[in-house]
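Working notes, structure below.
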DNA sequence: ACACATTTTTATCGAATGGAATAAATGTTA
DNA sequence: TAACATTTATTCCATTCGATAAAAATGTGT
């Protein structure tokens, strides 16, 4: 936690609750309106605290934003970490192609749950989508990204492509192919603003989420199998 | 043009040039920082006009934003309209499955050119990505979207899915499947902020753009063929 | 050249913003 | 209970913001 006046190693439980409440409110508001579209007063009012509490807990608006990032990262890793762990184990072993593909689809499914399964999920996901930082370095630092769930997903996909194609696909093409493969699911997240236009509804839960998972699994499997080495030499 | 003090039916050429210059600057700045992250003074300074010129030409900040939207919509339709026209003709005729798939991939390729082929393209595309409006109705009205290139692409994809599957895919599943198919390309656009992280470079031009097109065509073709009615009954 | 139209410019406004400083209220522990 | 720690709340600041009104400058047509 950057520069806040509050000390984390000796705080009261009440302060911890207030801090968490502020973060949840900020997540929702930043997610809906972006960093610059929300004032510290907006956040404070909705969290039921006076505005200077934000300086007390987070030092400044950017510190609050950074705390939101950390919160979302943690919950994402919580949600998709186990499936990623399993897939990374498969990749490090002599697993069959079908096991790899199946493990990969399981990871995508855990991502889908994280992104869509609940209102809380939607709030976090919307925050992820609306990442606009007030500095030139609007992005997560590369090293931080490299430890996050998105990077691990990407790297696993590259690994599977290399396995399936027997090394005949260039590193560059593998990277691009991985982005395209994952785009089948991620595009639903990126398109949240107008899901109602393309799907006729804007919440993907229950049966709809199951359908989404089925579609993504089918298409991902098709694409992976199309990459297998002994397949269609003219491809 | 909404409510501006300037009259379009009787303006000078000089005014037209100034207006266009303001729009191009605003596109770039809004695309980079979002609506709330850019002040009217920022835009005016970079366009080389005093701030009240924005009120003169566009009535207010939102009017300028709306003009930017209109500009991007027009250029998108310019870029992808011909390929969409052709595909819609194919869909209205007895074209073969391969002709449909090929026509669809041609449309995706024209989208890729629009999104990535030039610095101007990147500016426009970044603006599209950062659509945050200052009102609750942050979105393009549904009727306006329905006339845009994204909607036409989506509807063509649904049409092709219906054709290939012989009507055995539900309307709801077709819609979702279409989003996933198009996500293979669109995700590159949505991920522009961190393309450097996933690909190792952040400009997709020249050979890289050709590779992207090849990958998208290959995967889209695989997925469409996987939808064909007489294929794999156990699928 | 002059009258009129359009565009640019200057000066100003009220409101909102992120934040600082300080005091008051509440919690914890001996 | 009192001393100390933490948290909450009030007051205030300087700056920035979108926008208005009016004047000055420039363009157009007769």
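Chains as they are written, first to last, in this note's numbering: chain A, 24 to 258; chain B, 24 to 258. All C-beta atoms, glycine included, are put in the ideal place defined by N, C-alpha and C.
With its beta carbon less than 8 Å from one in chain B, residue 246 of chain A belongs to the interface. Any Cβ of chain A closer than 8 Å to the Cβ of residue 131 of chain B would place that residue at the interface, and such an atom is absent. Every alpha helix (DSSP H) of 4 residues or more that sits fully in the segment 79-139 of chain B is shown, in chain order, as 84-114, 120-139. The closest CA to that of residue 56 of chain B, considering only B:129, B:228, B:185, B:146, is found on B:146. For residue 200 of chain B, the nearest CB of chain A lies under 8 Å from its own CB, placing it at the interface with that chain. Judged by pairs of C-beta atoms under 8 Å, the segment 215-227 of chain B does not touch the segment 101-112 of chain B, as fewer than three such pairs exist. The beta-carbon separation of residue 187 of chain B and residue 247 of chain B, rounded to 6 Å, stays under the 8 Å limit for a contact.
A contact is defined here as three or more CB-CB pairs under 8 Å, and the segment 233-248 of chain B meets this definition with respect to the segment 123-131 of chain B. Residue burial is scored here from C-beta neighbours: residue 198 of chain B has at least 16 other C-beta atoms within 10 angstroms and is therefore classed as buried.
In the structure shown, residue 27 of chain B falls within a coil segment according to DSSP collapsed to helix, strand and coil. When secondary structure is reduced to three states using DSSP, residue 192 of chain B falls in the coil class, being assigned neither helix nor strand. With fewer than 16 neighbouring CB atoms inside 10 Å of its own CB, residue 30 of chain B falls in the exposed class.
In the three-state DSSP reduction, residue 71 of chain B falls in the coil class, being neither helix nor strand. With respect to the 8 Å criterion, residue 44 of chain B and residue 79 of chain B are not classified as neighbours on the basis of their beta carbons. Below the 8 Å Cβ cutoff, chain B contributes no neighbours of residue 106 of chain A, its closest Cβ being approximately 20 Å away.
Sequence-distant partners of residue 124 of chain A (beyond 5 residues in either direction) whose C-beta falls short of 6 Å from its own C-beta, in its chain, are 244, 247.
Taking 8 Å as the threshold, the shortest C-beta distance from residue 134 of chain A to chain B does not fall below it.
Residue 139 of chain A is positioned such that its CB atom lies no closer than 8 Å to that of residue 222 of chain A. When DSSP states are grouped into helix, strand and coil, residue 40 of chain B belongs to the helix group. Residue 235 of chain A has a beta carbon lying within less than 8 Å of a beta carbon in chain B. The DSSP-derived three-state label of residue 152 of chain B is helix. Taking residue 70 of chain A as the centre and dropping the five residues before and after it, the same chain places the C-beta of 44, 45, 48 closer than 7 Å to its C-beta, in chain order.
Within the same chain, 45, 63, 66, 67, 83, 84, 87 come within 8 Å of residue 77 of chain B by CB-CB distance, once the 5 residues on both sides are set aside. Identification of residues in the segment 76-97 of chain A having a C-beta nearer than 8 Å to some C-beta of chain B yields an empty set. Within chain B, the residues whose beta carbon sits less than 7 Å from that of residue 165 of chain A are 220, listed in sequence order. For residue 236 of chain B, the three-state secondary structure derived from DSSP is helix.
One thing to note: residue 202 of chain B has its Cβ within 8 Å of the Cβ of residue 211 of chain A.
Under the DSSP assignment, residue 61 of chain A falls outside any alpha helix (DSSP H); it carries neither an H nor an E label.
In this model, residue 116 of chain B and residue 182 of chain B are separated by some 12 Å (Cα to Cα). Proximity of chain B to residue 238 of chain A at the Cβ level (cut-off 8 Å) is accounted for by 196, 199, 200, 203, in chain order. Judged by DSSP secondary structure, residue 165 of chain A falls within the alpha helix (DSSP H) whose first and last residues are 165-169. Close CB contacts of residue 207 of chain A within its chain, under the 7 Å cut and outside five residues either way in sequence, are with 239, 242, 243 (chain order).
In the three-state scheme derived from DSSP, where H, G and I count as helix and E and B as strand, residue 250 of chain A is classed as coil. At least 8 Å separates the beta-carbon of residue 133 of chain A from that of residue 97 of chain A.
Interface residue (Cβ-Cβ distance to chain A less than 8 Å): residue 71 of chain B is not classified as such. Residue contact check for residue 47 of chain B against chain A: no CB pair falls below 8 Å.
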